[in-house]
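Visitor:
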Amino acid sequence: MRHLLATAAVASLAAATLAFAPPAAAKVAIDMSSVRLSAPYAKSPTSVTVVVKITQTSYANISLNVSLEGFRALKAFAYGKGACPRSVAQIDGPLTVRECGWEQEDGSAVLRLALGGTTASGKVKVTIASGALVAPSRAGEYSVSLSSWAFDSVKTRVSIASGPVK
Numbered sequence: 136m137r138h139l140l141a142t143a144a145v146a147s148l149a150a151a152t153l154a155f156a157p158p159a160a161a162k163v164a165i166d167m168s169s170v171r172l173s174a175p176y177a178k179s180p181t182s183v184t185v186v187v188k189i190t191q192t193s194y195a196n197i198s199l200n201v202s203l204e205g206f207r208a209l210k211a212f213a214y215g216k217g218a219c220p221r222s223v224a225q226i227d228g229p230l231t232v233r234e235c236g237w238e239q240e241d242g243s244a245v246l247r248l249a250l251g252g253t254t255a256s257g258k259v260k261v262t263i264a265s266g267a268l269v270a271p272s273r274a275g276e277y278s279v280s281l282s283s284w285a286f287d288s289v290k291t292r293v294s295i296a297s298g299p300v301k
């Protein structure tokens, strides 16, 4: 009887694990094709536009985090339901913003998104407004990275100059 109960417990645990596991055939691919700063100068308010190509056909929602090393987030707010305020960020593309957050975290400005829907090959443009972002205080190269629970992180670098040429 004990053996039968132990076997039943293992079988029910295995069934529960399979029911909540992500699909084995799930595929999410990302390509960060461009990152553009409106004012790439130290201590300057700047906007940033990140263009990514997302292939996502397996999940109802995926996360997308845009992290800007050394940048300062202004107008920060906690992650929550709904689209991002236009004064902070605008997202264009085939996926719907379900949740948004804008925070300063470990020396980086971080935009956190939950995107709903699927796309076989969708271009998503994320623009963070200049009133919400200040460039790093020193000239140099800084990383811009995209991360998610659904794909491996992708990283590129942007250059910040000491000041505009006069």
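Heads up: the sequence shown begins at 136 in the working numbering, then just goes up one per residue. We treat Cβ as the ideally placed atom computed from N, Cα and C, and that holds for glycine.
Which residues bound the beta strand (DSSP E) around Ser202?
Guide: Counted from its first residue, the sequence shown places residue 202 at position 67. Its beta strand (DSSP E) spans residues 196-204.
Visitor: Can Val183 and Ile263 be called in contact, C-beta distance under 8 angstroms?
Guide: Here residue 183 corresponds to residue number 48 of the sequence shown, with the count starting at 1. Here residue 263 corresponds to residue number 128 of the sequence shown, with the count starting at 1. Cβ atoms of Val183 and Ile263: closer than 8 angstroms.
Visitor: Between Val293, Ser297, Val289, which has its C-alpha nearest Ile165's C-alpha?
Guide: As a first step, residue 165 is located in the sequence shown; it is residue number 30 there, counting from the start. Closest by alpha carbon: Val289.
Visitor: From what residue to what residue does the beta strand (DSSP E) around Thr253 run?
Guide: Here residue 253 corresponds to residue number 118 of the sequence shown, with the count starting at 1. No beta strand (DSSP E) contains Thr253, which DSSP labels as neither H nor E.
Visitor: Just the Cα atoms here: how many angstroms apart are Val186 and Arg171?
Guide: Translated into the one-based positions of the sequence shown, residue 186 becomes position 51. Translated into the one-based positions of the sequence shown, residue 171 becomes position 36. Taking the straight line joining both Cα atoms gives about 9 angstroms.
Visitor: DSSP state of Ala156, grouped into three classes?
Guide: As a working mapping, residue 156 is identified with position 21 in the sequence shown. With a pLDDT of 37 at Ala156, under the threshold of 50, the modelled position of that residue is not reliable, and the figure given next carries that caveat. Three-state result, Ala156: coil.
Visitor: Within its chain, find whatever has a CB closer than 7 angstroms to the CB of Ala228; leave out the 5 residues flanking it on each side and keep chain order.
Guide: Against the sequence shown, residue 228 aligns to sequence position 93. Per the sequence shown, residue 228 should be read as Gly rather than Ala. Excluding residues within five positions, the ones whose Cβ falls inside 7 angstroms are Gly257, Lys258, Val259, Lys260.
Visitor: Can you find at least 3 beta carbon pairs, one from the region 203-222 and one from the region 234-249, that sit closer than 8 angstroms?
Guide: Yes, they touch.
Visitor: Should Ser278 go down as buried or exposed, given a rule of 16 or more other Cβ atoms within 10 Å for buried?
Guide: As a working note, residue 278 is residue 143 in the sequence shown. Ser278 comes out exposed.
Visitor: Suppose you measure from the CA of Val245 to the CA of Asn200; what does that come to, to the nearest Å?
Guide: Residue numbering aside, residue 245 sits at position 110 when the sequence shown is read from its first letter. Residue numbering aside, residue 200 sits at position 65 when the sequence shown is read from its first letter. Distance between the alpha carbons of Val245 and Asn200 is about 7 angstroms.
Visitor: Going by CA-CA distance only, name the one from Ser202, Gln191, Tyr176 that's closest to Ser282.
Guide: Start at 1 with the first residue of the sequence shown, and residue 282 comes out as number 147. Comparing Cα-Cα distances from Ser282 to each of Ser202, Gln191, Tyr176, the minimum goes to Ser202.
Visitor: Ser280 by DSSP, collapsed to three states: which one?
Guide: The residue you call residue 280 lines up with position 145 of the sequence shown. In the structure shown, Ser280 sits in a strand (DSSP, three-state: E or B).
Visitor: Let me know the secondary structure DSSP gives Ala161 once reduced to three states.
Guide: Here residue 161 refers to the residue found at position 26 when the sequence shown is read from its first residue. Its pLDDT being 46, under 50, Ala161 is placed unreliably in this model, and the coordinates cannot settle the point.
Visitor: Going along the chain, which residues of its own chain have a beta-carbon closer than 7 angstroms to the beta-carbon of Asn196, five neighbours each way excluded?
Guide: The sequence position of residue 196 within the sequence shown is 61, counting from 1. Closer than 7 angstroms at Cβ, skipping near neighbours: Arg233, Ala249, Leu250, Gly251.
Visitor: For the beta strand (DSSP E) containing Val291, list its first residue and its last residue.
Guide: Here residue 291 refers to the residue found at position 156 when the sequence shown is read from its first residue. For clarity, residue 291 is Thr in the given sequence; the question names Val instead. Segment 289-295, the beta strand (DSSP E) holding Thr291.
Visitor: Give the C-beta separation of Gly266 and Leu230 to the nearest angstrom, bearing in mind that I take them to be a contact with Cβ-Cβ under 8 angstroms.
Guide: Counting from 1 along the sequence shown, the entry for residue 266 is found at position 131. Counting from 1 along the sequence shown, the entry for residue 230 is found at position 95. That pair is no contact at about 25 angstroms.
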